[in-house]
Every structure is written in C-alpha cells, then in structure tokens.
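Undergrad:
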Amino acid sequence: MTYKQEIIDFYNARTNYDNEATLNRAIALFDYATPCPGQSVLDVATGTGNIALKAAQKVDTSGSVIGIDIATELLKIAQQKIKAQNLSNVELIEVDAQAYDPEPDKFDAIYCSYAIVLFPNIPKILENWYRCLKFGGFIAFTCSSENSYLALSIVKACAKNGITLPNLHEPLGTPERIQHLLTQAKFNQIEIHPRQMGTYLSLEKAQSRWNGQFWLHTDNPLRQLKPEKICLLKASYDDEIAALETEQGVWYEELIYYVVARKA
Ligand SMILES: C[S@@+](CC[C@H](N)C(=O)[O-])C[C@H]1O[C@@H](n2cnc3c(N)ncnc32)[C@H](O)[C@@H]1O
C-alpha cells in the first residue's frame with residue numbers, strides 16, 4: 008500500500024474525529040492570526056473543516072475559503088457542516104495538498120492545523136505556500152515538539168532492537184528547526200507560540216500509548232515487521248516508559264507550536 012493510501016484509509020476511518028478537544032486545538036490558531044472580511048483563505052488538510060468553517064465566518068460573504076484534503080469521509084462531514092450552517096463562501100476540494108497548484112499570489116491566509124508533519128517534503132510544501140500567498144499574507148500552522156506523544160521513547164525502543172524509526176515530529180520539532188525551514192522558504196516575521204497540553208499519566212496508561220504501529224511516516228519500517236518483532240519493540244518501549252515514572256506518574260508531553268509567518 009502506498010503512503011498516501013495509508014493516510015487516506017487512516018483518516019477515512021476516523022469519522023468520529025470531531026470533539027471539543029480537536030475543535031479547540033485547531034481553532035486556537037485564530038488566537039495568533041485571523042483573516043479579515045473580504046479575504047481569501049486556504050485551509051490545507053481541512054479534514055472535517057474546523058478551520059475552514061471558522062475562517063468562512065471571519066471573512067464573511069465578501070470573502071472566500073477553500074478547504075483541501077484527501078480523506079473523502081472527513082470531507083463529507085465538512086460538507087454536512089457547511090450545509091447545516093448555510094455557508095455559501097466555502098469550497099471543498101478533494102486533492103493531495105502536495106499536488107495542489109493554485110495560481111501565484113491567490114490567498115491572504117493559509118492555515119494548516121495538525122497536518123504539516125504528514126507531508127513527506129515539508130520544504131516543498133512551504134515553498135508552494137509562499138508562492139500562492141499574496142504579499143502581506145500569512146501562513147498559520149501547528150506542529151509538535153519532537154518528544155510529544157512520547158515519540159522519543161518509541162524511537163529509542165526501536166533503536167534498541169536495531170530498527171531506525173524516523174521521528175515524524177523531528178523536522179519541525181524545535182523552534183530552531185521551525186525558524187530555519189521557514190527562513191529557507193523566504194518567510195519572515197516568524198512567530199512561534201508554544202502551548203503545553205501535556206499531562207501526567209499512570210504507568211499503565213503511558214505504556215498503552217504505544218503508537219508505533221500507527222506511525223504515519225513515509226519511511227516507517229514497522230510496516231514490514233512480523234508480530235513477534237513488534238512484541239519485542241513493545242517490551243522495550245514498556246521498559247523505556249517504566250524508567251520515566253515519577254511519583255506523579257509518567258510525563259506525557261504534548262507541546263504544540265502555533266506558528267505564524269508572513270510573506271512581507
Ligand atoms: C489530524 S487531521 C487534521 C484535520 C484538521 N486540519 C483539523 O485540525 O481539524 C490530519 C488531516 O490531514 C489530511 N492529510 C494528510 N495528508 C494529506 C495530503 N497529502 N493532502 C491533503 N490532506 C492530507 C488527512 O486526511 C486529515 O484530514
């Protein structure tokens with residue numbers, strides 16, 4: 008199965024995606040950058056349309072919003088919400104964000120919530136966003152620290168078993184790397200706003216957050232492994248997590264960077 012198909016299947020199966028947490032963490036991007044009435048907005052990887060719908064209210068009927076995604080089932084949910092809210096200024100397009108090629112200088116704002124790390128070529132996607140953004144426009148996206156979701160423990164457990172698992176959150180996992188990639192793509196006025204949403208978990212719960220098999224990375228070597236090998240990795244992961252236990256439990260980092268950058 009191709010990487011793209013894996014992503015499509017994974018998100019098409021998540022028709023229960025919407026809840027208070029997924030809505031709030033996405034629309035928090037508007038705390039840092041908001042479009043004005045009359046403006047033109049692109050929501051990349053719109054999913055169930057949480058950002059697109061909010062943006063549509065903000066740009067009003069004189070403005071317009073395009074939401075793009077590859078998960079048909081999530082787009083159907085977004086479409087239902089658009090209909091229920093009677094919004095006439097949102098268009099949804101089923102297209103791979105990496106192949107989407109709008110005319111230059113088209114958008115005043117480009118949003119991408121909880122998705123940028125899923126694009127295998129981040130410099131290329133940033134370059135494309137820069138190209139189709141108007142001068143004076145902004146991009147706003149979220150990414151996670153490299154150790155969010157216990158990622159480094161999963162990577163370490165794999166390494167102990169001779170498996171190199173690329174860390175999905177590595178390329179944009181520190182403020183320095185975010186700054187570097189955005190500068191390379193010619194963006195300026197870069198703002199990085201960290202929000203810590205982590206919590207302490209019981210040992211059992213932290214050990215159950217083994218998501219190595221759902222690591223949606225283009226080069227995930229775990230796909231090819233036999234169940235017995237996966238069991239060995241899981242055992243190493245449990246050891247890693249046990250070593251992190253404190254009196255309060257195991258710290259489960261969820262450090263989200265809310266990033267805004269401009270073409271100015
Ligand atoms: C975690 S969800 C985020 C959805 C939405 N942005 C939000 O925050 O509520 C990730 C989304 O990225 C989409 N996605 C992943 N790769 C994509 C690609 N190459 N092109 C378009 N959408 C993609 C998935 O289909 C899914 O809807």
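The opening residue of the sequence shown carries number 8 in the numbering used here; numbering runs sequentially from there.
Heads up, the beta-carbon is just placed ideally off N, CA and C, and yes, glycines get one too.
Would DSSP call ALA106 helix, strand or coil?
TA: Correct three-state label for ALA106: coil.
Undergrad: State whether the stretch 88-96 contacts the stretch 109-121, with contact taken as three or more CB pairs (one from each stretch) at a distance under 8 Å.
TA: They do not touch, by the three-pair rule.
Undergrad: In whole angstroms, what separates the C-alpha of GLY256 from that of TYR156?
TA: Roughly 15 Å between the two C-alpha positions.
Undergrad: What I want to know is whether the C-beta of GLN196 ends up closer than 7 Å to one or more non-hydrogen atoms of ligand 2.
TA: You won't find ligand 2 in this model; what it holds is ligand 1.
Undergrad: Let's see if you can read the secondary structure: which residues bound the alpha helix (DSSP H) around CYS150?
TA: Premise fails: CYS150 lies in the beta strand (DSSP E), 140-151, not in any alpha helix (DSSP H).
Undergrad: So ALA271 is in the beta strand (DSSP E); what residue range does that whole segment cover?
TA: Careful: ALA271 lies outside any beta strand (DSSP E) and carries neither H nor E.
Undergrad: Using only the heavy atoms of ligand 1, determine whether one of them is closer than 7 Å to the beta carbon of THR225.
TA: Not so, every heavy atom of ligand 1 lies at least 7 Å from the Cβ.
Undergrad: On a CA-only basis, which of ASN227, TYR207, ASP226, TYR265 is nearest GLU254? Give me that one, please.
TA: Selected option, being the one with the closest Cα: TYR207.
Undergrad: When we look at the beta-carbon of GLY56 and count the other beta-carbons within 10 Å, is it buried (16 or more) or exposed?
TA: By the 10 Å Cβ count, GLY56 comes out buried.
Undergrad: Could you check what DSSP says for ARG216 in three-state terms: helix, strand or coil?
TA: Correct three-state label for ARG216: coil.
Undergrad: Excluding the five sequence neighbours on either side, which residues of its own chain have a C-beta within less than 6 Å of the C-beta of SER71, listed in chain order?
TA: Excluding positions up to five away in sequence, the list reads SER47, ASN96.
Undergrad: Quick check: what's the CA-CA separation for ALA40 versus ILE146?
TA: Those two C-alpha atoms are separated by around 9 Å.
Undergrad: Should THR68 be labelled buried (16 or more other beta-carbon atoms within 10 Å of its own) or exposed?
TA: Looking at its Cβ environment, which holds fewer than 16 other Cβ atoms inside 10 Å, THR68 is exposed.
Undergrad: Nearest to TYR121 by CA position, among CYS139, VAL51, GLN92, LYS163, is which residue?
TA: Nearest of CYS139, VAL51, GLN92, LYS163 to TYR121, Cα basis: VAL51.
Undergrad: Leaving out the 5 sequence neighbours to the left and right, which residues in its chain are closer than 6 Å to PRO173 when beta-carbon positions are compared?
TA: Hits under 6 Å: HIS224, ASP226.
Undergrad: What first and last residue would you give for the alpha helix (DSSP H) that runs through THR79?
TA: Start and end: 79-91.
Undergrad: Starting from ARG202, follow its DSSP beta bridges and name the residues at the other end.
TA: DSSP, once it has assigned bridges, lists ILE263 as partnering ARG202.
Undergrad: Between THR22 and ILE84, how many whole angstroms is the CB-CB distance? I'm expecting something under 8 Å.
TA: Contact holds; Cβ gap of about 7 Å.
Undergrad: Where does ILE170 fall in DSSP's three states?
TA: The answer is coil: DSSP assigns ILE170 none of H, G, I, E or B.
Undergrad: Which term fits PRO178, buried or exposed, when burial requires 16 or more other beta carbons within 10 angstroms of its beta carbon?
TA: Under this definition PRO178 is a buried residue.
Undergrad: Determine the DSSP secondary structure at ASP245, reduced to helix, strand or coil.
TA: Here ASP245 sits in helix by DSSP.
Undergrad: Can you name, in chain order, every residue of its own chain whose Cβ lies under 7 Å from the Cβ of LEU82, other than the five neighbours on each side?
TA: Answer for LEU82: ASP76, LEU99, GLU101, listed in chain order.
Undergrad: Just mark THR149 as buried or exposed, buried being the case when its beta carbon has 16 or more other beta carbons within 10 Å.
TA: By the neighbour-count rule (16 or more Cβ atoms within 10 Å), THR149 is buried.
Undergrad: How should GLY219 be labelled, buried or exposed, when 16 other C-beta atoms within 10 angstroms of its C-beta is the threshold for buried?
TA: It counts as buried.
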